[in-house]
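Okay, so here's the structure we're looking at.
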Amino acid sequence: MSKEQRLSEIIAEHQSREGPLMPILHDVQAEFGCVDADSERIIAAGLNLSRAEVHGVVSFYHDFHGEPDARPVVQICRAEACKSRGVEALIADAEAAAGTRVKLATVYCLGLCSVGPNARIGDDLHARLDSDRLKKLIETV
Amino acid sequence: MGYERQKDFGTPRVKSEKHVTLTIDGRAVTVPEGTTVMRAASEIGSSIPKLCATDNLKQFGSCRLCLVEIEGARGTPASCTTPAAEGMVVKTQTPRLDKLRKGVMELYISDHPLDCLTCSANNDCELQDQAAAVGLRDVRYGYEGANHLAEPTDHSNPYFDFDPSKCIVCSRCVRACDEVQGTFALTIDGRGFGSEVSAGQTLDNFMSSECVSCGACVQACPTATLQEKSVKKIGKPERAVVTTCAYCGVGCTFRAEMRGEQLVRMVPYKDGKANRGHSCVKGRFAWGYANHQDRITRPMVRDNIDQPWREVSWEEALSFSANKLNQIKRDHGARALGGITSSRCTNEETFLVQKLIRGGFGSNNVDTCARVCHSPTGYGLKTTFGTSAGTQDFDSVEDSDVILVIGANPTDGHPVFGSRMKQRLRQGAKLIVIDPRRIDLVKSPHIKAAHHLPLQPGTNVALLTAMAHVIVSEGLADEEFIRTRCDWDEYQDWARFVSQDKNSPEVLEGVTRVPAQSVREAARLYATGGNGAIYYGLGVTEHSQGSSTVMAIANLAMVTGNIGRKGVGVNPLRGQNNVQGACDMGSFPHELPGYRHISDADTRALFEKDWGVTLDPDPGFRINNMLDAAVDGEFRAIYIQGEDILQSDPNTQHVAAGLEAMELVIVHDLFLNETANYAHVFLPGSTFLEKNGTFTNAERRIQPVRKVMEPANGMEDWEVTQALANALGLGWSYTHPSEILDEIARLTPSFAGVSWDRLEREDSLQWPVNEEFPDGAPVMHVDGFVRGKGKFVVTDYVPTDEKTGPRFPLLLTTGRILSQYNVGAQTRRTANVEWHPEDLLEMHPSDAENRGLNDGDWTTLKSRTGETTLRVKVTDRVAPGVVYTTFHHPATQANVVTTDFSDWATNCPEYKVTAVQVMPSNGPSDWQEEYTDLSQKSRRIAGEMEPAE
Chain A
1 MSKEQRLSEI IAEHQSREGP LMPILHDVQA EFGCVDADSE RIIAAGLNLS RAEVHGVVSF
61 YHDFHGEPDA RPVVQICRAE ACKSRGVEAL IADAEAAAGT RVKLATVYCL GLCSVGPNAR
121 IGDDLHARLD SDRLKKLIET V
Chain B
1 MGYERQKDFG TPRVKSEKHV TLTIDGRAVT VPEGTTVMRA ASEIGSSIPK LCATDNLKQF
61 GSCRLCLVEI EGARGTPASC TTPAAEGMVV KTQTPRLDKL RKGVMELYIS DHPLDCLTCS
121 ANNDCELQDQ AAAVGLRDVR YGYEGANHLA EPTDHSNPYF DFDPSKCIVC SRCVRACDEV
181 QGTFALTIDG RGFGSEVSAG QTLDNFMSSE CVSCGACVQA CPTATLQEKS VKKIGKPERA
241 VVTTCAYCGV GCTFRAEMRG EQLVRMVPYK DGKANRGHSC VKGRFAWGYA NHQDRITRPM
301 VRDNIDQPWR EVSWEEALSF SANKLNQIKR DHGARALGGI TSSRCTNEET FLVQKLIRGG
361 FGSNNVDTCA RVCHSPTGYG LKTTFGTSAG TQDFDSVEDS DVILVIGANP TDGHPVFGSR
421 MKQRLRQGAK LIVIDPRRID LVKSPHIKAA HHLPLQPGTN VALLTAMAHV IVSEGLADEE
481 FIRTRCDWDE YQDWARFVSQ DKNSPEVLEG VTRVPAQSVR EAARLYATGG NGAIYYGLGV
541 TEHSQGSSTV MAIANLAMVT GNIGRKGVGV NPLRGQNNVQ GACDMGSFPH ELPGYRHISD
601 ADTRALFEKD WGVTLDPDPG FRINNMLDAA VDGEFRAIYI QGEDILQSDP NTQHVAAGLE
661 AMELVIVHDL FLNETANYAH VFLPGSTFLE KNGTFTNAER RIQPVRKVME PANGMEDWEV
721 TQALANALGL GWSYTHPSEI LDEIARLTPS FAGVSWDRLE REDSLQWPVN EEFPDGAPVM
781 HVDGFVRGKG KFVVTDYVPT DEKTGPRFPL LLTTGRILSQ YNVGAQTRRT ANVEWHPEDL
841 LEMHPSDAEN RGLNDGDWTT LKSRTGETTL RVKVTDRVAP GVVYTTFHHP ATQANVVTTD
901 FSDWATNCPE YKVTAVQVMP SNGPSDWQEE YTDLSQKSRR IAGEMEPAE
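Order-wise, the sequence lines are chains A and B.
Position 85 of the first sequence, counted from 1, bears residue number 85 in full-length UniProt numbering, the numbering being contiguous throughout.
Position 427 of the second sequence, counted from 1, bears residue number 427 in full-length UniProt numbering, the numbering being contiguous throughout.
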């Protein structure tokens with residue numbers, strides 16, 4: 001099945017929903033690892049939106065990417081609570097551990113303020129991190 | 001007047017019967033309920049600082065500059081999003097507000113280049129104004145932090161630049177593109193500090209995006225981020241003159257913003273009643289032709305068309321013309337002379353040309369380009385309703401519930417009205433499109449037709465009769481309306497006719513190729529969906545059954561009671577800026593101004609007395625008859641004002657033969673157009689920027705055209721016609737078009753109340769303007785039809801004689817495109833060619849495959865009449881069996897292939913149906929080569945450098 005056919009299937013699956021764009025973008029991101037310019041164009045045509053509108057939504061959300069990125073992602077919370085619990089001191093080591101292999105993303109609050117510093121990998125949350133635990137997480141991701 | 005920006009109330013006007021009274025800064029103000037506090041303040045001249053608000057866009061509430069204090073309310077709400085309420089007490093200036101606003105402005109300015117003195121918006125910038133208004137004196141944050149100052153400028157659009165370094169991300173451009181134009185080409189890319197206005201997707205620029213260059217974003221921009229290139233080059237305008245656009249029949253009004261004699265930019269006029277402050281790429285930007293190097297500004301003559309042109313004085317050109325005209329009249333009689341008026345010129349100029357022909361030449365051989373476009377509208381609507389014009393104003397579309405578009409492509413042909421229609425469709429009105437092509441209205445962002453009926457070209461009458469069949473046979477007719485407003489006996493005859501089985505959608509499916517079920521559903525929707533309005537264009541009129549189709553449309557409107565109020569009606573979208581006016585002004589061979597037949601002795605007597613002449617009581621020749629008679633030697637001299645019949649009329653070779661046979665062809669135009677290749681006298685014309693007068697748009701709206709610069713050729717066009725009349729000894733002495741307008745009002749009952757002074761005061765008037773309608777008539781036939789009882793006419797479907805067969809298996813239909821206008825004489829001489837450099841032949845993929853054609857291949861397009869070559873564009877916008885092209889470029893000469901078939905009642909040519917064959921090709925046709933040679937030879941001017949061989 002070509003990419004175009006698969007996109008049409010995804011679009012058809014959600015088209016009748018109220019607000020079909022977001023679920024379509026999620027599926028496309030999950031399946032192809034990105035929502036590239038061609039996908040934006042095809043989704044726009046499918047939903048009777050302009051290319052610009054779809055691009056505006058894709059570019060608004062951090063979790064949608066214009067091109068695929070094969071690196072695993074570790075999200076580190078650097079909001080107030082985690083900051084006060086010392087996350088900033090972990091960053092330099094984390095970056096060194098990540099190198100070019102792992103993508104570190106900053107997020108603001110994972111909802112576990114009392115047990116920070118926190119990180120997230122996929123749908124898994126990791127609390128009470130110290131430098132070693134975070135390094136290990138990054139190295140084994 | 002000096003230069004002032006147009007007043008901006010911040011948020012849109014609200015239509016409401018109920019009013020509320022509030023107090024703003026101690027002053028009471030009463031506004032319609034739903035009006036915002038910002039607008040209410042504006043109404044009493046108290047201006048609240050604002051950046052993201054402008055009154056043609058919905059309130060947005062993002063800039064946080066328009067905060068106010070409201071007694072009893074917490075905090076400082078944004079005045080642009082707060083509706084005024086009864087008894088509300090508002091303060092717009094307090095120390096607390098000053099501080100807040102200053103803080104906001106400080107943030108904006110911390111990421112803005114401080115290059116005001118060298119900025120193209122200097123002294124015409126809302127950001128600058130608001131910084132001054134809030135008293136910003138310093139920026140505590142400094143300018144060293146992260147910023148957007150190094151963003152590169154996008155120069156890709158030929159008319160405006162996008163410089164994101166100056167952008168404050170107020171989203172006005174994005175919202176203007178969405179809400180006003182309806183193209184949705186712009187977005188905000190990214191989020192937070194990284195937010196940037198973006199055309200299209202990541203790799204797009206403005207030119208490659210979906211942008212149609214209407215200019216709404218440029219107008220909306222409060223800074224120099226989106227700025228006309230002409231302003232960057234010339235500088236800020238110093239005065240503005242309100243005038244009327246000379247492109248299509250929408251009749252947009254613009255402010256011509258001037259610096260001395262130089263036009264800086266055309267900005268849509270917010271109080272314009274046709275356009276309501278909007279514009280398209282043509283009116284807004286494509287005026288560069290006015291100063292194009294091809295423009296001819298000195299009169300020229302030659303004895304025969306093989307010779308090069310000779311530049312001469314006006315006196316010599318006029319006496320050369322007068323002598324020849326007199327001689328031909330002496331030798332062959334008055335009926336050997338005639339002329340063509342221009343739908344591009346003013347009412348006053350058109351009136352004078354027909355006066356010259358009828359009163360001076362002495363014949364009724366006057367015709368106009370409406371012959372080849374909307375003559376069936378005149379005939380059809382006069383027969384059924386009693387007036388040769390549309391029934392509504394453009395505002396009416398705001399009250400429509402079902403819109404039926406047939407044979408029209410408003411988003412390309414009448415873009416500003418197309419945008420207004422799309423606004424209504426996005427509010428929820430339903431749309432039915434009857435068109436062989438999948439035009440943009442069928443499906444484009446946020447627009448989707450409820451029904452698209454892609455009929456075979458040439459079967460309009462069959463389809464409309466099938467719709468009538470459904471309405472009558474399913475009991476959906478509005479009997480009360482018909483009984484009170486129409487002739488009941490005629491209705492019954494008609495109802496019997498449409499009810500016959502042969503007119504059912506099921507039977508006619510074989511002819512129209514539209515599934516019967518879709519026809520039934522569309523008919524039910526139109527009949528029962530609320531206010532139903534029909535909009536149509538040349539896809540209706542330019543057929544052998546053009547007049548029948550117009551009457552079939554009128555029948556549909558009457559049978560459903562969709563006539564005589566807001567939101568309904570029958571609305572021809574007229575092609576040219578003043579085609580309505582040209583028809584009103586007596587441009588047809590059988591009609592004096594005001595559509596009164598030439599054979600009517602009383603009307604004739606009125607004109608004879610006023611003009612001091614005797615008029616020929618017999619109708620004269622139509623254009624095609626003039627050309628036929630020329631070939632036969634009976635018709636010998638023609639005066640053509642502002643029309644290029646060689647390119648625009650059907651069967652080009654026949655037109656050429658007719659012109660070639662004439663002894664005297666006088667072309668009065670801006671350019672040496674294609675017709676001028678056969679001319680003996682060339683009288684240079686003036687542009688709409690160089691003259692005073694009036695145009696009448698598709699909604700019968702008479703609007704002033706005002707001179708903003710002196711004519712490059714030395715005379716306005718009415719003066720040229722007057723000079724020619726006086727060379728013939730007629731002794732005319734008009735000193736201003738207002739005097740001609742007075743004569744028109746004196747002689748034409750429907751114009752009786754029109755005068756230049758009144759137009760100066762009231763901006764526009766919709767005819768009729770007379771005792772019965774002292775202020776004009778936005779909607780016609782309100783209390784009864786002009787003719788008395790509405791007339792149902794039986795419209796038998798008669799297939800055109802132009803049929804497909806083995807030799808010519810495809811049907812060609814023609815049309816126009818957004819960026820080009822008609823034969824392109826003007827738009828081809830502007831940067832609009834960047835969007836449409838050549839005419840292309842649209843063909844369905846299956847037809848292309850059968851012929852081994854790929855996108856972009858050269859093809860020969862051949863009909864029984866002739867052949868031409870052009871490149872193919874493979875697309876499923878057209879159905880299999882149908883091909884489509886435009887006629888904007890003389891190199892293509894699309895009309896070489898169109899035929900002599902025409903409307904049975906009015907001779908309007910059948911441009912929309914030609915049986916053709918399409919084959920691969922590797923070069924221009926013989927005719928194209930011959931014509932190119934002739935045209936190069938014919939354009940030589942003695943004394944100018946010959947082009948190198």
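Beta carbons are placed, not taken as given, at the ideal position from N, Cα and C, and that holds for glycine.
These numbers come from a predicted model, not from an experiment.
- [ ] Specify, as a first and last residue, the run of the alpha helix (DSSP H) that B/Leu51 falls within.
- [x] Position 51 of the second sequence, counting from 1, holds the residue named residue 51 of chain B. Per DSSP, B/Leu51 belongs to no alpha helix (DSSP H) and is neither H nor E.
- [ ] State the CB to CB distance for the pair B/Asp478 and B/Thr560, rounded to an integer number of angstroms; the pair is presumed to be in contact (CB under 8 Å).
- [x] Indexing the second sequence from 1 puts residue 478 of chain B at position 478. Indexing the second sequence from 1 puts residue 560 of chain B at position 560. The pair is a contact, with the Cβ atoms about 6 Å apart (cut-off 8 Å).
Task: Below-8 Å beta-carbon distance, B/Ser321 vs any chain A residue - done: Here residue 321 of chain B corresponds to residue number 321 of the second sequence, with the count starting at 1. For B/Ser321, no CB of chain A lies under 8 Å from its own CB, so it is not counted at the interface with that chain.
- [ ] Could you tell me whether the Cβ of residue 954 of chain B comes closer than 8 Å to any Cβ of chain A?
- [x] This structure cannot settle anything about residue 954 of chain B, because the visible part of chain B is limited to 1 through 949.
Open item on the list: Need the endpoints of the alpha helix (DSSP H) that B/Ala533 sits in, please.
Closed with: Position 533 of the second sequence, counted from the start, is the residue given in the question as residue 533 of chain B. For B/Ala533, no alpha helix (DSSP H) encloses it; the enclosing beta strand (DSSP E) starts and ends at Gly532 to Tyr536.
Task: Cα-Cα separation between B/Met1 and B/Met258, rounded to whole angstroms - done: Start at 1 with the first residue of the second sequence, and residue 1 of chain B comes out as number 1. Start at 1 with the first residue of the second sequence, and residue 258 of chain B comes out as number 258. Bear in mind that a pLDDT of 48 at B/Met1, under 50, signals an unreliable position, so the number given afterwards is only what the model happens to contain. In this model, B/Met1 and B/Met258 are separated by some 11 Å (Cα to Cα).
Open item on the list: 8 Å is my cut-off, CB to CB: does B/His446 come that close to chain A?
Closed with: Here residue 446 of chain B refers to the residue found at position 446 of the second sequence. Yes, because at least one Cβ of chain A sits closer than 8 Å to the Cβ of B/His446.
TODO: Using a Cβ-Cβ cut-off of less than 9 Å, give me the residues of the UniProt domain "4Fe-4S ferredoxin-type" (158–189) of chain B that come near chain A, in sequence order.
DONE: Of all residues in the UniProt domain "4Fe-4S ferredoxin-type" (158–189) of chain B, only Val174, Cys177, Asp178, Thr183, Phe184, Ala185, Leu186, Thr187, Ile188 and Asp189 place a beta-carbon less than 9 Å from a beta-carbon of chain A.
Open item on the list: For A/Arg6 and A/Asp69, what's the separation of their Cα atoms in angstroms?
Closed with: For the purposes of this step, residue 6 of chain A is taken as the residue at position 6 of the first sequence. For the purposes of this step, residue 69 of chain A is taken as the residue at position 69 of the first sequence. The alpha-carbon separation between A/Arg6 and A/Asp69 amounts to approximately 20 Å.
Open item on the list: Beta carbons nearer than 7 Å to chain B: which residues of the stretch 34–54 of chain A have them?
Closed with: So the close ones are Ala37, Glu40, Asn48, Leu49, Ser50, Arg51, Ala52 and Glu53.
Task: Burial state of B/Arg371 (16 or more Cβ within 10 Å) - done: Start at 1 with the first residue of the second sequence, and residue 371 of chain B comes out as number 371. Buried is the call here.
- [ ] Tell me the start and end of each unbroken beta strand (DSSP E) in the UniProt domain "4Fe-4S Mo/W bis-MGD-type" (238–294) of chain B that is at least 3 residues and wholly inside, in chain order.
- [x] Runs found: 239–244, 253–259 and 262–268.
Task: Per-residue burial, B/Val180 [other beta carbons within 10 Å of its own, 16 or more giving buried] - done: For the purposes of this step, residue 180 of chain B is taken as the residue at position 180 of the second sequence. Residue environment analysis places B/Val180 among the buried positions, since at least 16 neighbouring C-beta atoms fall within 10 angstroms of its C-beta.
TODO: Give a yes or no on whether the C-beta atoms belonging to A/Leu47 and A/Pro20 are separated by under 8 Å.
DONE: Stepping through the first sequence from its first residue, residue 47 of chain A is reached at position 47. Stepping through the first sequence from its first residue, residue 20 of chain A is reached at position 20. Their beta carbons are under 8 Å apart, which means A/Leu47 touches A/Pro20 by this criterion.
Open item on the list: Can you give me the C-alpha to C-alpha distance between B/Ala552 and B/Val798, rounded to a whole angstrom?
Closed with: In the second sequence, the residue the question calls residue 552 of chain B occupies position 552. In the second sequence, the residue the question calls residue 798 of chain B occupies position 798. Each residue's alpha carbon lies about 13 Å from the other.
Task: Residues of the stretch 52–80 of chain A whose Cβ lies closer than 7 Å to any Cβ of chain B, in chain order - done: Residues of the stretch 52–80 of chain A that bring their beta carbon within less than 7 Å of a beta carbon in chain B comprise Ala52, Glu53, His55, Gly56, Ser59, Phe60 and Gly66, in sequence order.
Open item on the list: Counting beta carbon pairs with one atom in the stretch 695–709 of chain B and one in the stretch 343–353 of chain B, are three or more of them shorter than 8 Å?
Closed with: The answer is yes - the stretch 695–709 of chain B touches the stretch 343–353 of chain B, with three or more Cβ pairs under 8 Å.
Task: Cα-Cα separation between B/Ala199 and B/Asp669, rounded to whole angstroms - done: Here residue 199 of chain B refers to the residue found at position 199 when the second sequence is read from its first residue. Here residue 669 of chain B refers to the residue found at position 669 when the second sequence is read from its first residue. About 39 Å.
Open item on the list: Between B/Arg438 and chain A, is the shortest Cβ-Cβ distance under 8 Å, so that the two count as touching?
Closed with: As a working mapping, residue 438 of chain B is identified with position 438 in the second sequence. It does not; no Cβ of chain A falls within 8 Å.
TODO: Inspect the CB distances between the stretch 71–80 of chain B and the stretch 187–198 of chain B and report whether three or more fall short of 8 Å.
DONE: They do not touch, by the three-pair rule.
Task: Simplified DSSP state of B/Ser648, which is helix, strand or coil - done: One-based indexing of the second sequence puts residue 648 of chain B at position 648. Of the three classes helix, strand and coil, the one that applies to B/Ser648 here is helix, per DSSP.
Task: Backbone CA spacing between B/Leu606 and B/Asn673 [nearest angstrom] - done: Counting from 1 along the second sequence, the entry for residue 606 of chain B is found at position 606. Counting from 1 along the second sequence, the entry for residue 673 of chain B is found at position 673. B/Asn673 has its alpha-carbon roughly 37 Å from the corresponding atom of B/Leu606.
Task: Contact the stretch 316–335 of chain B vs the stretch 722–731 of chain B: 3+ CB pairs below 8 Å - done: Enough Cβ pairs lie closer than 8 Å, so yes.
Task: Rounded C-alpha distance that separates B/Leu538 from B/Ala334 - done: Residue 538 of chain B sits at position 538 when you count from the first residue of the second sequence. Residue 334 of chain B sits at position 334 when you count from the first residue of the second sequence. If you take the alpha carbons of B/Leu538 and B/Ala334, they lie about 34 Å apart.
TODO: Drop a sphere of 10 angstroms on the beta-carbon of B/Phe193, count the other beta-carbons inside from all chains shown, and report buried for 16 or more, exposed for fewer.
DONE: Residue mapping note: residue 193 of chain B aligns to position 193 of the second sequence, counting from 1. Label assigned to B/Phe193: exposed.
- [ ] Tell me, please, which residues DSSP counts as bridged to B/Gly339.
- [x] On the second sequence, residue 339 of chain B is found 339 positions in, with the first residue counted as 1. In DSSP, B/Gly339 forms a bridge with B/Val366 and B/Tyr639.
Task: Cβ-based contacts, 8 Å cut-off: residues of the stretch 312–337 of chain B near chain A - done: Contact annotation: in the stretch 312–337 of chain B, no residue has its CB less than 8 Å from a CB in chain A.
TODO: Decide if B/Ser921 is buried, meaning its Cβ has at least 16 other Cβ atoms within 10 Å, or exposed.
DONE: What you label residue 921 of chain B is simply residue 921 of the second sequence in a count that begins at 1. B/Ser921 should be labelled buried.
Open item on the list: Whole angstroms are fine: how far does the CA of B/Asp602 sit from the CA of B/Val720?
Closed with: Counting from 1 along the second sequence, the entry for residue 720 of chain B is found at position 720. Counting from 1 along the second sequence, the entry for residue 602 of chain B is found at position 602. In a straight line, the C-alpha of B/Val720 is about 31 Å away from that of B/Asp602.
Task: Extent of the continuous beta strand (DSSP E) to which B/Cys583 belongs - done: As a working mapping, residue 583 of chain B is identified with position 583 in the second sequence. For B/Cys583, there is no enclosing beta strand (DSSP E); the residue is found in the alpha helix (DSSP H) stretching over Val579 to Asp584.
TODO: Could you check the C-alpha separation between B/Glu834 and B/Ser863 for me, to the nearest Å?
DONE: Against the second sequence, residue 834 of chain B aligns to sequence position 834. Against the second sequence, residue 863 of chain B aligns to sequence position 863. Their backbone Cα atoms lie some 30 Å apart in a straight line.
- [ ] Out of A/Ser16, A/Cys109 and A/Ala30, state which residue places its alpha-carbon closest to the alpha-carbon of A/Ala79.
- [x] Indexing the first sequence from 1 puts residue 79 of chain A at position 79. Ranking the options by Cα distance to A/Ala79, first place goes to A/Cys109.
- [ ] For the beta strand (DSSP E) containing B/Trp732, list its first residue and its last residue.
- [x] Position 732 of the second sequence, counted from the first residue, corresponds to residue 732 of chain B. Unbroken run through B/Trp732: none, as it is neither H nor E.
TODO: Tell whether a beta-carbon distance below 8 Å holds between B/Tyr884 and B/Thr804.
DONE: What you label residue 884 of chain B is simply residue 884 of the second sequence in a count that begins at 1. What you label residue 804 of chain B is simply residue 804 of the second sequence in a count that begins at 1. No, they are not a contact pair.
Open item on the list: If we define contact as Cβ-Cβ less than 8 Å, is B/Arg191 a contact residue for chain A?
Closed with: Locating residue 191 of chain B in the second sequence gives position 191, where the first residue counts as 1. Output row for B/Arg191: interface = yes.
- [ ] Could you work out which residue in B/Asn571, B/Glu760, B/Met300 and B/Val613 is closest to B/Gly362 when comparing CA atoms only?
- [x] If you number the second sequence from 1, residue 362 of chain B lands on position 362. Minimum Cα-Cα distance from B/Gly362 among the listed residues B/Asn571, B/Glu760, B/Met300 and B/Val613 corresponds to B/Val613.
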